[in-house]
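Convert by adding 1 to the 1-based position in the sequence shown; the result is the number in the working numbering.
Take a look at the structure below.
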Amino acid sequence: MFAKRQDSATRVDTPPAMDAAEAARIAFEHDLPLSKHHFVEGEHPVVRIEHLNKTFDGVTTVLRDVNLNVWNGEIVVVLGPSGSGKSTMLRCINLLETPTAGHILIDDDEITGKSAREVARMRRDVGMVFQSFNLFPHLTAKENVMIGQTKVLKKGKDEAEAEAIKQLTAVGLADRADYKPPQLSGGQQQRVAIARAVAMHPKVLLFDEPTSALDPELVRDVLGVMRDLALHGDMTMIVVTHEMGFARDVGDRAVFMEGGVVVEQGLPEEVFDNPRHQRTRQFLGSIG
Ligand SMILES: Nc1ncnc2c1ncn2[C@@H]1O[C@H](COP(=O)(O)OP(=O)(O)OP(=O)(O)O)[C@@H](O)[C@H]1O
Ligand SMILES: [Mg+2]
Numbered sequence: 002m003f004a005k006r007q008d009s010a011t012r013v014d015t016p017p018a019m020d021a022a023e024a025a026r027i028a029f030e031h032d033l034p035l036s037k038h039h040f041v042e043g044e045h046p047v048v049r050i051e052h053l054n055k056t057f058d059g060v061t062t063v064l065r066d067v068n069l070n071v072w073n074g075e076i077v078v079v080l081g082p083s084g085s086g087k088s089t090m091l092r093c094i095n096l097l098e099t100p101t102a103g104h105i106l107i108d109d110d111e112i113t114g115k116s117a118r119e120v121a122r123m124r125r126d127v128g129m130v131f132q133s134f135n136l137f138p139h140l141t142a143k144e145n146v147m148i149g150q151t152k153v154l155k156k157g158k159d160e161a162e163a164e165a166i167k168q169l170t171a172v173g174l175a176d177r178a179d180y181k182p183p184q185l186s187g188g189q190q191q192r193v194a195i196a197r198a199v200a201m202h203p204k205v206l207l208f209d210e211p212t213s214a215l216d217p218e219l220v221r222d223v224l225g226v227m228r229d230l231a232l233h234g235d236m237t238m239i240v241v242t243h244e245m246g247f248a249r250d251v252g253d254r255a256v257f258m259e260g261g262v263v264v265e266q267g268l269p270e271e272v273f274d275n276p277r278h279q280r281t282r283q284f285l286g287s288i289g
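Below is the structure:
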């Protein structure tokens with residue numbers, strides 16, 4: 002009964018998810034001036050977040066009516082103070098957290114409100130690189146990059162191995178393929194984690210502060226790999242980061258969050274050099 006009361010206290014009524022074509026049209030008009038993305042006629046967003054709300058324990062509201070579209074090949078950088086809900090938003094996109102209300106669609110497919118089996122299938126489309134790498138310590142770098150391919154995508158060993166070598170080479174670690182995580186530096190481990198995520202060829206790749214656990218001299222290599230991926234690959238990326246140089250150079254769009262709300266979004270140079278909101282100015286001043 003207590004739980005029921007909590008539910009009704011925190012329930013947020015959201016309208017049903019929009020029709021795909023209508024949503025794409027509205028998103029296009031909204032995002033056109035806010036992103037360097039090269040829009041294609043009739044294109045639909047890869048990730049569509051509508052009226053996303055997340056409340057923990059029925060009391061702590063962490064995300065409030067978040068609306069965000071991410072387009073194919075777009076690099077969206079997300080900034081904001083600690084506790085603003087950045088990680089929670091990413092964790093909702095790959096369903097590590099269950100949204101309290103609202104809709105998340107990947108390629109016009111609603112992922113919210115699905116069964117565990119459907120969630121497992123849909124999660125393949127969304128890759129994630131964590132702050133703390135999350136590699137299997139007893140497996141080699143190559144095995145770490147292979148395991149999702151063989152277990153989740155059901156690829157054969159040879160095919161998975163060839164893809165692992167290709168992706169480890171792309172992150173500059175071909176010569177470390179047989180090393181295990183404890184024999185690698187933090188920066189090398191994070192590059193393995195990036196190779197692992199890319200090897201799954203997700204529709205969108207999420208990064209949650211991928212360099213903030215690293216010693217400063219290792220940050221550059223990891224940012225270099227991410228920069229390469231963003232500029233030379235066709236990966237769609239949402240990157241939560243405090244690396245302002247990277248965000249400005251590589252981002253197609255910057256999103257500033259505070260208090261669980263998207264306060265403002267726009268072209269990175271606009272958001273950094275000419276923020277519209279006082280809170281964005283304060284935040285940028287405090288870190289800059
Ligand atoms: N499982 C949970 N249970 C209760 N509260 C949570 C939970 N996870 C996150 N929160 C709360 O949600 C708020 C947002 O957390 P979140 O981790 O999304 O912030 P963040 O913007 O990623 O911060 P940081 O920059 O420190 O990583 C915080 O106040 C946090 O305490
Ligand atoms: Mg976080």
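Even for Gly, the Cβ is constructed at its ideal location relative to N, Cα and C.
As the structure is a computational prediction, the values presented were derived from the model and not from experiment.
Task: Rounded separation between Lys158 and Gly188 - CA only - done: Going from the Cα of Lys158 to the Cα of Gly188 covers about 27 Å.
Open item on the list: Against chain C, does Thr281 count as a neighbour if the rule is that its beta carbon must be under 8 Å from one of theirs?
Closed with: Considering every chain present, this structure includes no chain C. It has just one protein chain.
TODO: Return yes when the C-beta of Thr99 is under 7 Å from any heavy atom of ligand 1, and no when it is not.
DONE: No - ligand 1 has no heavy atom lying nearer than 7 Å to the Cβ of Thr99.
Task: Contiguous beta strand (DSSP E) assignments of at least 3 residues, all confined to the stretch 31-103 - done: Those beta strand (DSSP E) runs which fall completely within the stretch 31-103 and span 3+ residues are 48-57, 61-71 and 76-80.
- [ ] Taking 8 Å as the cut-off, decide whether the C-beta atoms of Phe319 and Thr281 are in contact.
- [x] Missing from the structure shown is residue 319; the chain here goes from 2 to 289 and no further.
Open item on the list: Taking its Cβ as the centre, do 16 or more other Cβ atoms sit within 10 Å of Val41, making it buried, or is it exposed?
Closed with: The residue is exposed, with fewer than 16 neighbouring Cβ atoms inside 10 Å.
Task: Continuous alpha helix (DSSP H) stretch holding Arg249: start and end - done: Segment Met245 to Val251, the alpha helix (DSSP H) holding Arg249.
TODO: Tell me, to the nearest whole angstrom, how far the beta carbon of Gly267 is from that of Ser85; I am working on the premise that it is less than 8 Å.
DONE: About 17 Å; that fails the 8 Å criterion.
- [ ] Give every residue of the same chain whose Cβ lies closer than 6 Å to the Cβ of Phe273, excluding the five residues on either side of it in the sequence, and list them in chain order.
- [x] Only Arg249 meet the Cβ criterion.
Task: Residue interval of the beta strand (DSSP E) (run including Gly267) - done: Taken as a continuous stretch (DSSP letters only), the beta strand (DSSP E) holding Gly267 covers Val262 to Gly267.
TODO: Mind the definition here: the stretch 31-49 touches the stretch 136-151 only if three or more C-beta pairs lie below 8 Å; say whether that holds.
DONE: By the C-beta criterion, the stretch 31-49 is judged not to be in contact with the stretch 136-151, since fewer than 3 inter-stretch pairs fall below 8 Å.
Task: Shell residues, 7 Å Cβ cut-off relative to heavy atoms of ligand 2 - done: Sorted by position in the chain, Lys87, Ser88, Asp209, Glu210 and Val241 make up the residues whose C-beta lies under 7 Å from a heavy atom of ligand 2.
TODO: Give every residue of the same chain whose Cβ lies closer than 6 Å to the Cβ of Met129, excluding the five residues on either side of it in the sequence, and list them in chain order.
DONE: Correct list, in chain order: Asn95 and Leu207.
Task: Sequence-distant residues of the same chain with beta carbon closer than 8 Å to Val63, five excluded per side - done: Within the same chain, Lys55, Thr56, Phe57, Gly86, Thr89 and Gly261 come within 8 Å of Val63 by CB-CB distance, once the 5 residues on both sides are set aside.
Task: Helix, strand or coil at Ile27 according to DSSP, with G and I counted as helix - done: It is helical.
Open item on the list: Please tell me whether, using a cut-off of 7 Å, the distance from the CB of Gly81 to the nearest non-hydrogen atom of ligand 1 is below it.
Closed with: Yes.
- [ ] Mark Gly114 as exposed unless 16 or more other C-beta atoms lie within 10 angstroms of its C-beta, in which case mark it buried.
- [x] Flag for Gly114 reads exposed.
Task: Segments of 3+ residues assigned as beta strand (DSSP E) that fall wholly inside the stretch 99-131 - done: Listed in chain order, they are 102-107 and 127-130.
Open item on the list: Closer than 7 Å to a non-hydrogen atom of ligand 1 - does that hold for the CB of Asp108?
Closed with: Not so, every heavy atom of ligand 1 lies at least 7 Å from the Cβ.
Task: Collapsed DSSP secondary structure at Arg277 in the structure displayed - done: Three-state result, Arg277: coil.
TODO: Compute the Euclidean distance between the alpha carbons of Val120 and Val205, then round it to the nearest angstrom.
DONE: Straight-line Cα distance between these residues: approximately 15 Å.
- [ ] Tell me whether Thr237 counts as near ligand 1, meaning its Cβ is closer than 7 Å to at least one heavy atom of that ligand.
- [x] It does not: the Cβ of Thr237 is nowhere closer than 7 Å to a heavy atom of ligand 1.
TODO: Look at the alpha carbon of Glu210 and the alpha carbon of Arg228, and state the distance between them as a whole number of angstroms.
DONE: Using only the alpha carbons, I get a separation of about 14 Å.
- [ ] Measure the alpha-carbon distance for Ala21 versus Val71 and round it to whole angstroms.
- [x] In a straight line, the C-alpha of Ala21 is about 14 Å away from that of Val71.
TODO: Confirm, please, whether the CB-CB distance from Ala18 to Glu98 is below 8 Å.
DONE: It is not a contact, given that the beta carbons lie outside the stated cut-off.
TODO: Taking only the alpha-carbon atoms, compute the straight-line gap between Ile288 and Met236 and give it to the nearest angstrom.
DONE: Those two C-alpha atoms are separated by around 28 Å.
Open item on the list: Is Ser116 a contact residue of ligand 1, with contact defined as CB to any heavy atom under 7 Å?
Closed with: Ser116: no, Cβ never under 7 Å from ligand 1.
Task: Helix, strand or coil at Leu230 [DSSP, three-state] - done: In the structure shown, Leu230 sits in a helix (DSSP, three-state: H, G or I).
- [ ] Say yes only if the C-beta of Thr61 is nearer than 7 Å to one or more non-hydrogen atoms of ligand 1, and no if none qualify.
- [x] Ligand 1 has a heavy atom closer than 7 Å to the beta-carbon of Thr61.
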